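Residue numbers (this note's numbering): 288 to 679.
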């Protein structure tokens with residue numbers, strides 16, 4: 288493959304547009320020392336053009352990247368994506384956010400003041416299940432145990448970081464459980480009909496222990512979840528999120544409904560869903576919307592209106608794999624998601640910064656590494672005081 292085609296693949300990788308075939312080629316191609324040198328030289332050039340040479344020291348970033356690569360040179364990582372590509376994501380974040388920061392702030396950045404002696408320690412909280420009688424049980428994701436209702440009846444099991452409910456239980460009436468996932472954690476629930484629900488950090492889901500024949504399948508969501516719904520034409524599956532409802536027969540979609548957000552997002556990956564409000568007869572009137580795959584519906588809580596846009600669904604579902612992808616996101620949206628993802632507190636004293644728009648991608652980074660990248664790329668001053676991040 289000639290150099291121009293390789294350069295195109297590298298650009299696609301840096302802009303998160305590379306396909307799996309592209310990534311496979313780059314992973315093998317970069318194993319040769321001369322190709323690895325070409326890769327770093329090209330990233331350096333691309334970075335300089337993008338940031339007009341006014342960003343952080345690329346050489347320092349590359350040296351740090353090489354040191355991290357050395358630490359991973361062991362057989363355990365042999366079948367993972369090449370470490371040079373994996374950690375190049377640090378440079379990718381710098382490229383995107385440094386350029387956008389320059390567009391939004393023409394002033395010279397102030398010196399970075401970071402209290403390096405203080406380490407931010409994410410808070411640890413437990414996943415819980417509330418039974419039908421109000422009893423709350425703590426879940427240890429590493430355990431394998433039985434799930435029983437308030438009367439001692441076996442209704443499911445906990446295994447491999449997920450709760451699986453049984454369709455064979457003897458329950459013949461609607462009995463609800465509520466699972467709560469704290470900030471900093473994710474969890475899976477497989478409902479009695481086989482529907483797989485991925486729960487994001489800071490999420491609660493209320494659902495029947497067993498779906499009853501003849502009744503629709505209703506669940507109640509606060510937070511964010513990805514649903515892979517088992518098809519059942521006779522029993523529609525309905526997700527209730529605040530005053531918005533999403534009805535499906537069998538499909539895959541993501542709903543984000545956090546109390547601090549003004550918008551409720553529904554992103555359809557596969558199948559079809561109908562979205563309507565709790566307003567009288569809205570389901571059967573022009574107020575309802577049928578969503579197609581690849582589209583996002585935004586429900587505005589205050590205006591009670593729905594807007595539909597064509598989107599890249601990967602941006603909204605990457606959290607299932609532990610990734611955070613931001614595209615044209617405000618800094619307020621970014622820090623809210625960082626708080627939920629890592630279970631930390633980030634307070635911002637820079638009102639103008641909250642409104643600025645950024646692109647960024649985080650994958651395997653710790654919260655300290657994320658903060659360091661943000662500091663270098665955005666020229667943001669912050670301190671860690673009483674285990675909280677304070678942005679000046």
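C-beta atoms are modelled at their ideal positions from N, C-alpha and C, and glycine is treated no differently.
Because the structure is a prediction, the values reported are computed rather than measured.
*Looking at the unbroken alpha helix (DSSP H) that takes in residue 666, where does it start and where does it end?*
Here residue 666 belongs to no alpha helix (DSSP H), and DSSP marks it neither H nor E.
Worksheet item: Would you call residue 461 buried or exposed, if buried means 16 or more other Cβ atoms sit within 10 Å of its Cβ?
Response: exposed
Simplified DSSP state of residue 260, which is helix, strand or coil: As displayed, the chain neither begins before 288 nor continues past 679, which places residue 260 out of reach and without an answer.
Q) Should residue 490 and residue 516 be called a contact, given that it needs their Cβ atoms to be closer than 8 Å? A) no
Consult DSSP for residue 498 and reduce its assignment to one of helix, strand or coil. coil
Looking only at DSSP bridge pairs, what is residue 586 linked to? 551, 593
Quiz item: What span of residues does the beta strand (DSSP E) with residue 440 cover, start to end?
Solution: Taken as a continuous stretch (DSSP letters only), residue 440 belongs to no beta strand (DSSP E), as it is neither H nor E.
Original post:
Considering only residues of the same chain and omitting the five flanking positions on each side of residue 351, which have a CB-CB separation below 7 Å?
Top reply: Bear in mind that the predicted position of residue 351 carries a pLDDT of just 49, short of 50, making it too unreliable to give a figure here.
Q | Whole-angstrom distance between residue 444 and residue 592, CA atom to CA atom | A | In a straight line, the C-alpha of residue 592 is about 40 Å away from that of residue 444.
- Under a Cβ-count criterion, where at least 16 other Cβ atoms within 10 Å of its own Cβ denotes burial, should residue 590 be classed as buried or exposed? exposed
Check: Run through DSSP, which three-state label would residue 412 get?
Finding: coil
From the DSSP output, read off the bridge partner residues of residue 477. 451, 483
Considering only their Cβ atoms, is the gap separating residue 446 from residue 431 smaller than 8 Å? yes
- prompt: Tell me, which residues are paired with residue 616 by DSSP?
  reply: 645
**Asked** Buried or exposed: residue 682, going by 16 or more other Cβ atoms within 10 Å of its Cβ?
**Response** Residue 682 lies beyond the residue range present for the chain, which begins at 288 and ends at 679; the question has no answer from this structure.
- prompt: Do residue 579 and residue 551 have their C-beta atoms closer together than 8 Å?
  reply: no
task = Hey, could you find the ends of the beta strand (DSSP E) residue 542 is sitting in?
result = 539-544
Secondary structure of residue 296, DSSP reduced to three states | In this structure, DSSP gives residue 296 a helical state, which the three-state scheme calls helix.
Assign residue 441 to buried or exposed, taking buried as 16 or more other Cβ atoms, counted over all protein chains shown, within 10 Å of its Cβ.
exposed
field: Per-residue DSSP class, three states only, for residue 579
entry: Of the three classes helix, strand and coil, the one that applies to residue 579 here is coil, per DSSP.
Around the C-beta of residue 542, are 16 or more other C-beta atoms found within 10 angstroms, so that it is buried, or is it exposed? buried
Review point. With distances taken from CA atoms, which of 426, 621, 455, 502 is nearest residue 474?
Key: Selected option, being the one with the closest Cα: 426.
Quiz prompt | Test item: CB-CB of residue 678 and residue 636 under 8 Å | solution = Yes; because the gap between Cβ atoms is below 8 Å, this pair is in contact.
- Item | Sequence-distant residues of its chain with Cβ nearer than 8 Å to residue 610 (five each side left out) | 648, 649, 650
inquiry  = Just verifying my parser: in three-state terms, what is the DSSP assignment at residue 740?
reply    = There is no way to answer for residue 740, as the model of the chain reaches only from 288 to 679.
Could you tell me the distance, in whole angstroms, from the CA atom of residue 493 to the CA atom of residue 318? 49 Å
So for residue 330, helix, strand or coil by DSSP?
helix
Quick one: Cα of residue 532 to Cα of residue 560, how far? 10 Å
* To do: May I have the straight-line CA-CA distance separating residue 565 from residue 527, to the nearest angstrom?
  => Distance between the alpha carbons of residue 565 and residue 527 is about 9 Å.
* Asked: Helix or strand or just coil, what does DSSP make of residue 458?
  -> coil
- Boundaries (first-last residue) of the alpha helix (DSSP H) holding residue 602: 600-604
**residue 467 versus residue 293: straight-line alpha-carbon distance, rounded** = 46 Å
Quiz item: Does the separation of the CB atoms of residue 452 and residue 477 fall below 8 Å?
Solution: yes
Residue interval of the beta strand (DSSP E) (run including residue 509): 504-515
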